[in-house]
Amino acid sequence: MSQPELRELYQELILEHSKKPRNFHVLEHANHMAEGFNPLCGDRLKLYLQIKDGAIQDIGFQGSGCAISKASASMMTTYMKGKKISEAKELFGEFHKMLSGEHGTFDPAKLGKLSVFSGVSEFPVRVKCATLAWHTLKAGLEENGKTVCTE
Amino acid sequence: MNGHKRGAVLENRKRAQKTFDVEKYRKDFPILTQKVYGKPLIYLDNAATTQKPKAVINVLTQYYSAENANIHRGIHYLSQKATDAYDDARVSIQHFLNASDAREIIFVRGATEGINLVAQSYGRTVVKEGDEVLITAMEHHSNIVPWQILCQERGAKLKVAPINDDGEIIIGEYEKLLNKKTKFVAITHISNALGTINPVRKMIQMAHDRGIAVLVDGAQSAPHIPVDVRELGCDFFVFSGHKLFGPTGIGVVYGKAELLEKMPPYQGGGDMISSVTFEKTTYNKLPFKFEAGTPHIAGVIGLGAAVDYLSKIGLEKIAAYEKELLDDATETLSKIPGLRIIGTAHEKASIVSFVLADIHAHDIGTILDQEGVAIRAGHHCAMPLMDRFQVPATARASFSFYNTKEEIDRLAAAILKVLEVFS
């Protein structure tokens, strides 16, 4: 097994978001909510969504987790504000493709800065950390109030 | 540290390691010579599972290449040979625990299955509606959930003896919780997440004074400190083979013969019977009553070899050396800025759980791994304990007698690297 690059995983942008997560708060006017839980490492995440006219008007999250899961949730929320549900789901698909290591099949242009997480695919045990927020978002959009588990 | 002082420290270390020839024992473990990402493997996840000495690996190879047969059906040569090896292992383990009789040693898959056996067989006969089962706040999930299942089924209550901020049992509170409704006590000997060594002898005595039977979870103690079940006085003692340098999938329940005799079987099947008709089955005598089906014969023989190997080195010697490792690790790691050790009991085994500034244990684990250092990061199957200390997870370095003080220095250097990444 060759050594994956640590700095591919802990990139500046990821570290910065993990230290100062954006939208890290409860959303008082949320009308959709979902919880994510990773029983293996104990990461927990609550995602709040305000959905109106088929689009995400506002989004916030709370929880505890590693740098990767926190940064992933933070960056995801900044991307999701104002997105149509259909666009959000498309992004979920792209993000998922990127982390499952199928390079070439995902569209870096669509993901923009979110491509910073592509290095996580080199660390299989950490993929769950990066996808926790995204699975929680999907649950919040599709099945309001459900707890998802990345196991 | 000035050069002179540093030299003196190194000299002391060499002297300490001289009394315990760790380099000699390291040669018994082929896996330890391995490199991870081009760096020497530093295996500090011994509380999760231990590595296997050649003595164990060889006996498994020997069994499968020259002795494999089913046991207790001794019509042919190989079956007799396998049966003898299986029975000899039971006697080795009897002596290892200083049990009075080999019939008191029951083979199961591991400590978890052992606790389930006691809960389902003994627990169901003594725990009734309104009764209580007492555990402690530092139990592994395997010594919580089987009792929860039992209590739910019986309409009984699970009570939890609290611990202090050092991770020690509050003995006065424990004693107060023992009452007329308490029908069973299940306690860990050594906490897998904190390293605390519980005063189990005293706790057992307190329970026995009130006529309550006690199970001791020895998963973390049997591989690291001498265990004498008669001296402890426990009614049941369980441990896992794989944490004791033996194979996975094998473990032991020690139970006092007079209790085991009265207990109903845990599982039904072959080997646990004397005679069967469609109307009635007469159960086999101890220990076979609790060993339904073809057992993990190779596992038992491998565990026997592990126990013989450990006994040859001597648990007293191992415990003394591991205490040196613990003291060294505690001192070295305490100097790292932002590092806080969780579990600071006075009586402690060689487990160091820690948190580092606000860096998550998983991030620590990944960066340490890149340096060839294997530790555990997470809740250590003790989620209620993490809640007690209000941490989501900890990083845990757990040492064994094949670890060295140089490895502790490498661990410390790797932790500094974590701080560098997150600076």
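From first to last, the protein sequence lines are chains W and C. Here the first sequence is numbered in the working numbering, starting from 1 and rising by one per residue. Here the second sequence is numbered in the working numbering, starting from 1001 and rising by one per residue. We put the CB at the ideal spot given by N, CA and C, even for glycine. Predicted model only: the values in this text are computed from it and were never measured.
DSSP places F1237/C within a strand segment (E or B) once states are collapsed to three.
From the beta-carbon of V1145/C, no residue of chain W is found nearer than 8 angstroms; the closest lies around 14 angstroms away.
Residue range K1405 to V1421 is occupied by the alpha helix (DSSP H) that includes D1409/C.
The alpha-carbon of G1241/C is positioned some 6 angstroms away from that of L1303/C. Nearest CB-CB separation between I1359/C and chain W: below the 9 angstroms threshold. Contact between the stretch 1133-1142 of chain C and the stretch 1172-1186 of chain C is present: three or more C-beta pairs spanning the two stretches fall below 8 angstroms.
Excluding residues up to 5 positions away in sequence, D1166 and E1168 lie with their Cβ nearer than 8 angstroms to the Cβ of H1346/C in the same chain. For the stretch 1183-1268 of chain C, the continuous alpha helix (DSSP H) assignments of 4+ residues that do not extend past its boundaries occur at 1200-1208, 1229-1232 and 1257-1262, in sequence order.
Pairwise C-beta distances place the stretch 1221-1231 of chain C in contact with the stretch 1341-1358 of chain C, as three or more of them are shorter than 8 angstroms.
Taking 9 angstroms as the cut-off, the Cβ atoms of Y48/W and Q57/W do not count as close.
For the pair Q1034/C and Q3/W, the CB atoms are not nearer than the 9 angstroms cut-off. Chain order gives the chain C residues near A67/W as H1360 and D1363, where near means a beta carbon separation below 7 angstroms.
Within chain C, the residues whose beta carbon sits less than 7 angstroms from that of R126/W are T1366, listed in sequence order. At the C-beta level, G36/W and M1383/C stay beyond 9 angstroms of one another. DSSP places T1033/C outside any alpha helix (DSSP H), giving it a letter other than H or E. By the C-beta criterion, the stretch 1317-1329 of chain C is judged not to be in contact with the stretch 5-15 of chain W, since fewer than 3 inter-stretch pairs fall below 8 angstroms.
In the structure shown, Q1062/C adopts helical secondary structure according to DSSP, grouped into three states.
Note that the C-beta distance between K1256/C and M1272/C is not below 9 angstroms.
As a beta-bridge residue in DSSP terms, V1133/C pairs with L1158/C and F1184/C.
The DSSP-derived three-state label of G1378/C is strand.
Judged by their CB atoms, A1374/C and L1041/C are nearer to each other than the 9 angstroms cut-off. Under DSSP, the beta-bridge partners assigned to I1351/C are S1398/C. F1278/C and S1079/C have their C-alpha atoms some 28 angstroms from each other.
One finds G1378 in chain C with Cβ atoms closer than 8 angstroms to the Cβ of L40/W, taken in chain order. Within the stretch 1380-1396 of chain C, M1383, M1386, P1392 and A1393 place their CB atoms closer than 8 angstroms to a CB of chain W, listed in sequence order. Counting along the chain, no beta strand (DSSP E) covers Q1370/C; the unbroken alpha helix (DSSP H) around it starts and ends at A1361 to Q1370. Contact annotation for S64/W against chain C: P1392 [CB-CB distance below 7 angstroms, chain order]. For chain W, none of the residues of the stretch 1048-1074 of chain C brings a beta carbon within less than 7 angstroms of one of its beta carbons. At a C-beta separation below 9 angstroms, F1422/C has these neighbours in chain W: Y10, L15, S18, K19 and A67. Non-local beta-carbon contacts of A1156/C in its own chain, meaning distances under 8 angstroms to residues more than five positions away in sequence, involve V1127, K1128, E1129, G1130, D1131, E1132, V1133, L1150 and K1183 in chain order.
In the three-state DSSP reduction, P1040/C falls in the strand class (E or B). For Y1037/C, the closest Cβ of chain W is nearer than 9 angstroms. Using a Cβ distance threshold of 9 angstroms, K138/W and V125/W do not count as a contacting pair. V1355/C is not a Cβ neighbour of T1330/C, given a cutoff of 9 angstroms. Spatial neighbours of V26/W in its own chain (CB-CB distance under 7 angstroms, excluding positions within 5 residues in sequence) are listed in chain order as Y48, G60 and Q62. Excluding five sequence positions before and after P1199/C, the CB atoms of its chain that fall closer than 8 angstroms to its own CB belong to I1169, I1171 and E1347, given in chain order.
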